[in-house]
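Protein chains in written order, with my numbering: chain X, 1 to 112; chain C, 113 to 224. All residues carry an ideal CB built from backbone N, CA and C; glycine is no exception. First comes the structure, then the notes that go with it.
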């Protein structure tokens, strides 16, 4: 299984940027890097994904290292609503389907 | 993005009984997934259910314990059979669209 390593927890202040790191040293050339977040008592929510280039969307930015062995999810201005568990996941080919393997994620606390 | 609903949202069951969880999607999808999230833990993939074929189970999960139906492209069921307290978890279904998985809100199951 494709594996990622994230800090167990991080803390931020409201309206400040947040950089959530992820290491994936065993990534293969066809694995996509996905980020999901899970708010309390909800199912995971897609945030962003990328393969090699940096990506931006309305929720966040994803910075991918040149060797693809690490990436960083960037929340430009954290809000209280961004408090969640953030999962960095490699989408890999497992058998005939693509799969996601969830790690433990990073619990982000946002202080008012 | 796909909108997914699950029924029931929660249930309390007696050991030895079975519970069938329903997952409904608002659009036709080929691949559906069932996950389990034990208390305080991350998500674990139970099986992948493609319409028109048998579900594919991950290591540690068997069809007799978690039978899955996939009668059409918008619906699936997961049955948790002969339940024990160790089956107390959140069960989530998800679908894949354009390289992204979208998750339902989950079914919270407590087995006494």
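Per DSSP, cross-strand counterpart(s) of residue i
i: residue 123 of chain C; result: C/221
i: residue 215 of chain C; result: C/206
i: residue 102 of chain X; result: Note: residue 102 of chain X sits in no beta bridge, so no partner.
i: residue 195 of chain C; result: According to DSSP, residue 195 of chain C bridges with nothing at all.
Own chain, CB closer than 7 angstroms to residue i, minus 5 neighbours either side, in chain order
i: residue 196 of chain C; result: 127 and 223
C-alpha gap between residue i and residue j, whole angstroms
i: residue 132 of chain C; j: residue 190 of chain C; result: 6 angstroms
i: residue 291 of chain C; j: residue 115 of chain C; result: Past the edges of chain C, shown from 113 to 224, lies residue 291 of chain C, and the structure says nothing about it.
8 angstroms Cβ cutoff, residue i in contact with chain C
i: residue 108 of chain X; result: no
i: residue 100 of chain X; result: yes
i: residue 7 of chain X; result: no
CB contact flag (residue i, residue j, <8 angstroms)
i: residue 88 of chain C; j: residue 199 of chain C; result: Because chain C here runs from 113 to 224, residue 88 of chain C falls outside it and cannot be looked at.
i: residue 203 of chain C; j: residue 221 of chain C; result: yes
i: residue 86 of chain X; j: residue 20 of chain X; result: yes
i: residue 22 of chain X; j: residue 71 of chain X; result: yes
i: residue 18 of chain X; j: residue 78 of chain X; result: yes
Minimum Cβ-Cβ distance from residue i to chain X less than 8 angstroms
i: residue 144 of chain C; result: no
i: residue 215 of chain C; result: yes
i: residue 157 of chain C; result: yes
i: residue 186 of chain C; result: no
i: residue 94 of chain C; result: Limits of chain C in this structure are 113 at one end and 224 at the other, which puts residue 94 of chain C out of reach.
Chain-order list of residues whose beta-carbon lies under 8 angstroms from that of residue i (same chain, five-residue window excluded)
i: residue 109 of chain X; result: 9, 10, 11, 12 and 83
i: residue 60 of chain X; result: 35, 47, 48, 73, 74, 75 and 76
i: residue 69 of chain X; result: 23, 24, 25 and 27
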